[in-house]
Amino acid sequence: MKHFVFKSDDKKELKKAQNEALRSCYKSVLVQIFSSLEDEIKLSKLVKKITKKFPRAIVLGSTTAGEISNAKIYDGTTVISVSYFENTTLKAAYTKDTDKKSGSKIASKIYKEDTKAIVVLSEGLKGSDYEGFINSFNEKNPDVIVAGGLSGDNFKLQKTYVFLDGTIYDRGSVAVSFSSKNLYADYRYNLNWIPIGKEFTITKAEKNILYEIDGENSVEIFKRYLGAQIFENNAKGLPYFQLLYKDGLTVVARTPLAVDNGTLVMAGPISEGQKVQF
């Protein structure tokens, strides 16, 4: 396996990645695009352009709320990741819905007996059950590693996109499987947040809407402990103040994205009774 990561405006790296993809020793090539572009026409042109430059590859990706390239974080860019495999088969699919049923359906399309890992990218605003969707992959085969995430739109919460092989979608999910008897798959994650302060209890929540913490309005709790200024400027600073909790030995972050009718909209579901810290 070989791997390139670069910003889309780096013509030298793009050309190097193209040339590498033409080598006959590779059975499969995967191109992932992560872009801050919000204009649908410009985004479509970009995705089609990159897809055309890698005719042998599966090309998928999503819009973002920040991009990462070679251990550096960027805003307002497009990052391209190209992976080359000598013995691994890739299989990709799209589903217009994001719930448990559609998760099982897309998993059946891309799973093989020797599938070791799956990357799933979902549109970030219109899904009815993101947690059920991702859990359905594990139910199909609990030994397969599942990675990926929700697409973003720079925290504007208006419209996000995923793409597959030159087509962009404003709803649904794309997924690609990695299958080979010779493939070794492992995973790492870097949360890099440390919980501080007292422990709270989520006392009222529904899916990703957080109503009450310790029996009080969630917005008021945030104002009291973190200051009312985090809600200024359309609450752009709000995503920097995560709620953390433990799931076994894993620390999980829930990101507050916006305020809606006096409640907090979180980036993922959060359960009543859950113990959390800032």
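So for the sequence shown, the numbering used here puts the first residue at 1; every next one is plus one. Quick reminder that beta carbons are idealized off the backbone N, C-alpha and C, glycines included. Since the model is a prediction, treat every value here as computed from it, not as a measurement.
(request) Report yes if the CB atom of residue 213 is closer than 9 Å to the CB atom of residue 259, and no otherwise. (result) If you number the sequence shown from 1, residue 213 lands on position 213. If you number the sequence shown from 1, residue 259 lands on position 259. No, the pair does not count as a contact, with Cβ atoms beyond the cut-off.
(message) Considering only DSSP beta bridges, list what residue 149 is partnered with.
(response) Counted from its first residue, the sequence shown places residue 149 at position 149. According to DSSP, which records beta bridges pairwise, residue 149 is partnered with 121.
(request) Could you have a look at residue 215 and say whether DSSP puts it in helix, strand or coil? (result) Indexing the sequence shown from 1 puts residue 215 at position 215. In the structure shown, residue 215 sits in coil (DSSP, three-state: anything other than H, G, I, E or B).
(request) Report yes if the CB atom of residue 116 is closer than 9 Å to the CB atom of residue 82, and no otherwise. (result) Within the sequence shown, residue 116 is the residue found at index 116, counting from 1. Within the sequence shown, residue 82 is the residue found at index 82, counting from 1. Not closer than 9 Å, so no.
(request) Give a yes or no on whether the C-beta atoms belonging to residue 43 and residue 163 are separated by under 9 Å. (result) Within the sequence shown, residue 43 is the residue found at index 43, counting from 1. Within the sequence shown, residue 163 is the residue found at index 163, counting from 1. Result yes, Cβ atoms of residue 43 and residue 163 sit closer than 9 Å.
(request) Could you check what DSSP says for residue 18 in three-state terms: helix, strand or coil? (result) One-based indexing of the sequence shown puts residue 18 at position 18. The answer is helix: DSSP assigns residue 18 an H, G or I state.
(request) Return the residue from the list 69, 8 and 16 that minimises the CA-CA distance to residue 49. (result) For the purposes of this step, residue 49 is identified with residue 49 of the sequence shown, where counting begins at 1. The shortest Cα separation from residue 49 among 69, 8 and 16 belongs to 8.
(request) Let me know the secondary structure DSSP gives residue 206 once reduced to three states. (result) Along the sequence shown, read from residue 1 onward, the residue named residue 206 stands at position 206. Strand.
(request) Just mark residue 256 as buried or exposed, buried being the case when its beta carbon has 16 or more other beta carbons within 10 Å. (result) Taking the first residue of the sequence shown as 1, we reach residue 256 at position 256. Residue 256 should be labelled buried.
(message) Out of 105, 78, 19 and 101, which one is the CA nearest neighbour of residue 92?
(response) For the purposes of this step, residue 92 is taken as residue 92 along the sequence shown, with counting starting at 1. The residue with the shortest Cα to Cα distance from residue 92 is 105.
(request) Could you check the C-alpha separation between residue 25 and residue 196 for me, to the nearest Å? (result) Locating residue 25 in the sequence shown gives position 25, where the first residue counts as 1. Locating residue 196 in the sequence shown gives position 196, where the first residue counts as 1. Between residue 25 and residue 196, the C-alpha separation is close to 50 Å.
(message) Quick check: the region 172-180 against the region 118-133, are at least 3 beta-carbon pairs closer than 8 Å?
(response) yes
(request) Kindly indicate which three-state DSSP category residue 277 falls into: helix, strand or coil? (result) For the purposes of this step, residue 277 is identified with residue 277 of the sequence shown, where counting begins at 1. Residue state, collapsed to three classes: strand.
(message) Can you tell me where the beta strand (DSSP E) holding residue 34 begins and where it ends?
(response) As a first step, residue 34 is located in the sequence shown; it is residue number 34 there, counting from the start. 28-35 is the span of the beta strand (DSSP E), which, as asked, contains residue 34.
(request) Would you mind sorting residue 266 into buried or exposed? The rule is 16 or more other CB atoms within 10 Å of its CB. (result) Your numbering for residue 266 matches position 266 in the sequence shown. With 16 or more Cβ atoms within 10 Å of its Cβ, residue 266 is classed as buried.
(message) I want to know whether the region 23-37 touches the region 55-66 - three or more CB-CB distances under 8 Å.
(response) Yes, the region 23-37 touches the region 55-66.
(message) Which residue marks the beginning of the beta strand (DSSP E) containing residue 107, and which one marks its end?
(response) As a working note, residue 107 is residue 107 in the sequence shown. Per DSSP, residue 107 belongs to no beta strand (DSSP E); it is in the alpha helix (DSSP H), 100-110.
(message) What does the Cβ neighbour count give for residue 273, buried or exposed, with the cut at 16 atoms within 10 Å?
(response) By 1-based counting over the sequence shown, the position of residue 273 is 273. With fewer than 16 other Cβ atoms within 10 Å, it is exposed.
(request) Classify residue 166 as buried or exposed, calling it buried when 16 or more other Cβ atoms lie within 10 Å of its own Cβ. (result) On the sequence shown, position 166 is the one that residue 166 refers to. Under this definition residue 166 is an exposed residue.
(request) Answer with buried or exposed for residue 215, where buried requires no fewer than 16 other C-beta atoms within 10 angstroms of its C-beta. (result) Stepping through the sequence shown from its first residue, residue 215 is reached at position 215. Residue 215 should be labelled exposed.
(request) Taking 8 Å as the threshold, find out whether the region 69-79 comes into contact with the region 34-41 through three or more Cβ pairs. (result) yes
(request) Could you tell me whether the Cβ atoms of residue 32 and residue 61 are closer together than 9 Å? (result) On the sequence shown, position 32 is the one that residue 32 refers to. On the sequence shown, position 61 is the one that residue 61 refers to. Yes, these two residues count as a Cβ contact at 9 Å.
(request) Name, in chain order, the residues that DSSP records as bridge partners for residue 1. (result) Walking along the sequence shown from the start, residue 1 turns up at place 1. Looking at the DSSP assignment, residue 1 forms no beta bridge with any residue, so it has no partner.
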